[in-house]
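Colleague: Numbering (my numbering), first residue to last: 267 to 357.
The C-beta atom is built at its ideal place from N, Cα and C for all residues, glycine as well.
None of these values were measured; they are calculated from a predicted model.
(1) So, for residue 334: in the same chain, excluding its five sequence neighbours on each side, which residues have a beta-carbon less than 7 Å away from its beta-carbon?
(2) Going by beta-carbon coordinates alone, are residue 341 and residue 311 separated by less than 8 Å?
(3) Roughly how many whole angstroms lie between the Cα atoms of residue 343 and residue 336?
(4) Candidates 280, 286 and 267: which alpha carbon is nearest residue 314's?
(5) Leaving out five residues on either side along the sequence, give the residues of the same chain with a beta carbon under 6 Å from the beta carbon of residue 288.
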């Protein structure tokens with residue numbers, strides 16, 4: 267639970283590299299994948315999709331890559347949707 271709080275706090279403050287470094291603290295591989303997915307999606311939401319994709323291509327375990335790429339895209343699309351909503355709301 268404490269590891270989750272740490273990783274969530276790092277994600278919330280945009281410290282994605284630090285959050286990824288802390289993921290190894292999780293005892294279960296499945297928990298690590300969930301955390302890495304949350305990091306990838308948040309980075310996509312905050313305009314860091316290209317940096318997230320570079321990290322995935324160069325450092326993420328190969329088995330995780332398809333899932334992580336999807337999470338980056340989900341975050342990026344969420345950001346686009348939010349921006350479009352604001353644009354249409356201001357008309």
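Modeller: With the given structure in hand:
(1) Cβ within range, chain order: 302, 303, 306, 322 and 326.
(2) Here residue 341 is near residue 311, since their CB atoms are less than 8 Å apart.
(3) The straight-line gap from Cα to Cα measures roughly 10 Å.
(4) It is 280.
(5) So the list reads 272 and 273, once near-sequence residues are dropped.
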